[in-house]
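**Student:** Okay, here's the structure, questions in a sec.
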């Protein structure tokens, strides 16, 4: 029998999933269509959009199970969401790699330009896939015989592996915050020195970096904040020894999927808000589908330069 928390979670998943899929598909189409958007960090965000699409599809399956009142053994549940679990682990690692990417671009721009695109992308996802795969194998080894109504990670994990996964997530979030803070400090310091450096190219680079950090920072901080909220809720429930069968607690646990779904769905809307280049391409794509929209048929060419790392308001 479905609880109020199950109903609320299932409905929330569907409501957020529709604009989330719409947005992520638009991001994938924009980056694949426009060569100027296929920079290192642009390709990283393309990976993240792909992860988000897969995650949303798995959450839709979770909503369907909630509506149908399916209760599965943890082993069967986890077997059905192994790819989703590995993607969640990999996504966290890729966002950490994106924070590293921004820091290198700010402090070591020459080395950043010389880095291989293929090498950067592989280094940004393969370790995450490996970590996720190892945790998945360990999950099967330590799996218990409990049942689970909410069939998604981390609820489908055995307690030992769930603790490891939550610790991994917290550690990644702390690293993202630290690296982002270091990058912001670097931008602030370089901007203060602009009046002493008579180099137009360097000045333009610093201003472009500042705009880029403002944009990408929104995506990273929403991701971090959402996961911290979920971890905090679980921490309070577990360590305060609150009865999880209480209707109010079931509702809170069920609704913890909402901030996670928001992280899966946010990127397109942040791009639209913060990036003129992406917004222009998105308008062009939407015009192809919705002819009645008042925008021009074709967007202006997305300006970029192979000799600069960023363009103003463009996430490179």
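Numbering (our numbering), first residue to last: 3 to 318.
Glycine included, each C-beta is placed from N, C-alpha and C at the ideal position.
Check for me: the alpha helix (DSSP H) holding residue 142 runs from which residue to which?
**Tutor:** From DSSP, the alpha helix (DSSP H) with residue 142 extends over 119 to 143.
**Student:** Here's a check: name, in chain order, each residue in its chain whose Cβ is nearer than 8 Å to the Cβ of residue 135, leaving out the five neighbours to either side.
**Tutor:** Closer than 8 Å at the Cβ level, and outside the excluded window around residue 135, lie 88.
**Student:** State the Cα-Cα distance for the pair residue 233 and residue 265, rounded to the nearest angstrom.
**Tutor:** Taking the straight line from one Cα to the other gives about 15 Å.
**Student:** Exposed or buried, what is residue 222 when buried is set at 16 or more other beta-carbons lying within 10 Å of its beta-carbon?
**Tutor:** With 16 or more other Cβ atoms within 10 Å, it is buried.
**Student:** Keeping to the same chain, check which residues put their C-beta closer than 7 Å to that of residue 181; ignore five residues upstream and five downstream.
**Tutor:** The answer, listed in chain order, is 101, 102, 105.
**Student:** Can you tell me whether residue 21 is buried or exposed? The criterion is at least 16 other CB atoms within 10 Å of its CB, across all chains shown.
**Tutor:** Its Cβ having fewer than 16 others within 10 Å, residue 21 is exposed.
**Student:** Quickly, what does DSSP pair residue 75 with across the bridge? List them, please.
**Tutor:** Paired residues: 149.
**Student:** Please state whether the Cβ-Cβ distance between residue 178 and residue 231 is less than 7 Å.
**Tutor:** Taking 7 Å as the Cβ cut-off, residue 178 and residue 231 do not qualify as a contacting pair.
**Student:** Starting from the Cα of residue 27, find the closest Cα among 150, 292, 269 and give me that residue.
**Tutor:** Residue 269 is the option with its Cα nearest to residue 27.
**Student:** Would residue 130 be called buried (16 or more neighbouring beta carbons within 10 Å of its own) or exposed?
**Tutor:** Under this definition residue 130 is a buried residue.
**Student:** From what residue to what residue does the alpha helix (DSSP H) around residue 46 run?
**Tutor:** From DSSP, the alpha helix (DSSP H) with residue 46 extends over 42 to 70.
**Student:** Name the two residues that bound the continuous alpha helix (DSSP H) containing residue 8.
**Tutor:** Element bounds for residue 8: 6 to 35.
**Student:** Please work out which residues of its chain come closer than 7 Å, Cβ to Cβ, to residue 235, disregarding the five sequence neighbours upstream and downstream, and give them in chain order.
**Tutor:** Answer for residue 235: 254, 258, listed in chain order.
**Student:** Go through its chain and collect everything with a Cβ distance to residue 263's Cβ below 8 Å, but skip five positions before and after it.
**Tutor:** Excluding sequence neighbours, residue 263 sits near 14, 15, 18, 19, 22, 58, 61.
**Student:** When you compare only the Cα positions, how much space is there between residue 113 and residue 48?
**Tutor:** About 23 Å.
**Student:** As a quick exercise: from 98, 260, 85, 279, pick the residue whose alpha carbon is nearest that of residue 12.
**Tutor:** The shortest C-alpha separation from residue 12 is found at 260.
**Student:** Check whether the Cβ atoms of residue 126 and residue 96 sit closer than 7 Å, and answer yes or no.
**Tutor:** The answer is yes: Cβ separation under 7 Å.
**Student:** Drop a sphere of 10 angstroms on the beta-carbon of residue 267, count the other beta-carbons inside from all chains shown, and report buried for 16 or more, exposed for fewer.
**Tutor:** It counts as buried.
**Student:** Between the alpha carbons of residue 138 and residue 157, how many angstroms are there, rounded?
**Tutor:** Roughly 13 Å between the two C-alpha positions.
**Student:** For residue 281, which residues in the same chain have their Cβ closer than 6 Å to its Cβ, ignoring the five residues on either side in sequence?
**Tutor:** Contacts found: 274.
**Student:** Would you mind reading off the limits of the alpha helix (DSSP H) that contains residue 267?
**Tutor:** Its alpha helix (DSSP H) spans residues 259 to 267.
**Student:** What's the gap between the Cα of residue 160 and the Cα of residue 80?
**Tutor:** Distance between the alpha carbons of residue 160 and residue 80: 10 Å.
**Student:** Can you tell me whether residue 236 is helix, strand or coil according to DSSP?
**Tutor:** Helix at residue 236.
**Student:** With DSSP collapsed to three states, give me the class of residue 277.
**Tutor:** Correct three-state label for residue 277: coil.
**Student:** Give the secondary structure of residue 243 by DSSP, where H, G and I count as helix, E and B as strand, and everything else as coil.
**Tutor:** It is coil, neither helix nor strand.
**Student:** Between the alpha carbons of residue 86 and residue 155, how many angstroms are there, rounded?
**Tutor:** Each residue's Cα considered, the two are about 8 Å apart.
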